[in-house]
Each structure stands twice: as C-alpha cells, then as structure tokens.
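Start counting the sequence shown at 0; every next residue gets the next number (numbering that gives the first Met the number 0).
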Amino acid sequence: MPLSRTAFRYYSDVQIEQIFISPEHNFVGHHDQPPGTSPLIQKQRIKCVAGKGLIGDRYFNHREDYKGQITFFSAEVFERLCAHFNIREKPAGVLRRNVIVSGVDLLSLIGCDFEVQGVQFRGTQHCAPCEWMDVAFASGAKEFLKENAGLRAKILSDGELRVGGDAQLRIVKDVAAPVANA
Numbered sequence: 000m001p002l003s004r005t006a007f008r009y010y011s012d013v014q015i016e017q018i019f020i021s022p023e024h025n026f027v028g029h030h031d032q033p034p035g036t037s038p039l040i041q042k043q044r045i046k047c048v049a050g051k052g053l054i055g056d057r058y059f060n061h062r063e064d065y066k067g068q069i070t071f072f073s074a075e076v077f078e079r080l081c082a083h084f085n086i087r088e089k090p091a092g093v094l095r096r097n098v099i100v101s102g103v104d105l106l107s108l109i110g111c112d113f114e115v116q117g118v119q120f121r122g123t124q125h126c127a128p129c130e131w132m133d134v135a136f137a138s139g140a141k142e143f144l145k146e147n148a149g150l151r152a153k154i155l156s157d158g159e160l161r162v163g164g165d166a167q168l169r170i171v172k173d174v175a176a177p178v179a180n181a
C-alpha cells in the first residue's frame with residue numbers, strides 16, 4: 000500500500016511480523032571467506048535506543064549518526080522472493096534485516112519521520128542488497144532485491160517493538176521537504 004507523504008497520516012493495517020537480531024557480523028568483513036557463524040536470534044520484542052540501535056544487535060552503538068540503527072523489510076517482498084526462487088524453508092531473517100513488516104511501502108518512508116508502536120524513526124535510505132544475499136538466500140537474490148531490499152532508519156526515541164497485533168504507522172513529518180512558516 001503506497002503512502003502519501005502527508006504529515007500525521009495513520010495506517011492501521013501495518014503489522015510487525017518478525018523481529019531478528021544478531022550479536023555479531025556474519026558477512027561484513029568476510030570477503031573471499033566463508034560467512035561467520037553468529038546466530039540469528041528471533042525475538043518477540045526488542046528494545047530500541049535512540050541514536051544507538053537495538054539492544055543486542057551487531058549494529059548497536061556502531062557509530063555516531065549511523066543511518067542503519069534499525070532495518071525494516073517487507074513481508075510482501077519476502078513472499079515474492081520466495082515464490083520467484085521456489086524456496087519456502089528459509090526465514091526472512093536470513094536477509095539480515097531486523098524488523099519484518101506487512102502493510103506498508105517501506106521505500107515511501109525514506110526522508111520521513113514516522114512512528115510505530117510509540118517508537119519514532121527516520122527513514123534514511125534503501126537498504127541495498129549485497130552479494131551475500133546470493134549466498135544467504137539463493138543465487139540471483141541480490142539482483143531480484145536491487146530495488147526493494149528494505150529500509151534503513153535511525154531510531155529517534157527509546158521504546159519497544161513487539162511482534163503481532165495491529166500497529167499504527169504515523170508519519171510525523173516529511174524531513175526531505177522544507178517546512179513552510181506558519
């Protein structure tokens with residue numbers, strides 16, 4: 000469902016399907032080597048810390064002003080990816096994104112401050128796929144996902160995300176557009 004970039008618009012059909020963290024990198028820094036073996040941990044809830052990331056995740060407190068403190072991925076895109084490659088046994092977590100959501104066009108949130116389950120985020124950029132997608136999922140996955148591999152975001156407020164239940168996604172403001180003086 001495409002989002003308009005109107006401030007204070009609500010979307011009640013957004014749902015958090017899954018949450019994943021990994022305490023260490025399996026792919027970053029492993030060029031020409033096998034991936035690492037850090038476990039992928041599926042969570043029912045996760046604490047978000049403003050300006051730092053997800054507690055327990057490999058990118059927590061990674062560096063100041065990091066654009067990928069949290070990553071989101073579309074459940075609908077994952078379903079299309081699985082159908083395209085006829086793969087059903089892999090979880091969405093193999094793509095190394097933190098929060099799998101349904102009901103929202105994630106790329107429409109680039110340049111927006113938005114809120115889910117009381118936690119505020121700023122959509123910063125497309126979470127472009129890397130060559131490891133072909134290793135972790137299937138050969139050709141990187142190419143398939145080149146235009147829709149998820150959203151990187153900054154965490155603007157402390158809070159907790161949890162799996163399940165309907166969530167409202169609220170566009171707080173479009174930070175990419177100039178704000179008119181009232």
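Even glycine gets a Cβ: it sits at the ideal position worked out from N, Cα and C.
Original post:
Excluding sequence positions up to five away, which residues of its chain have a Cβ less than 6 Å from the Cβ of G50?
Top reply: none
Subject >> beta strand (DSSP E) segment containing E87, residue limits >> reply: Contrary to the premise, residue 87 reads as Arg rather than Glu in this sequence. R87 -> no beta strand (DSSP E), and no H or E assigned at all.
Original post:
Going by DSSP, which residues form a beta bridge with L53?
Top reply: C47
Subject >> Limits of the unbroken beta strand (DSSP E) element including K42 >> reply: 40 to 42
**OP:** Taking only the alpha-carbon atoms, compute the straight-line gap between Y58 and G52 and give it to the nearest angstrom.
**Re:** 7 Å
**OP:** Return helix, strand or coil for E159, following the three-state DSSP convention.
**Re:** strand
Original post:
Among H61, A152, V48, which has the Cα closest to the Cα of S107?
Top reply: A152
**OP:** Can you tell me which of I69, Q124, D12, K141 puts its alpha carbon nearest to the alpha carbon of I18?
**Re:** I69
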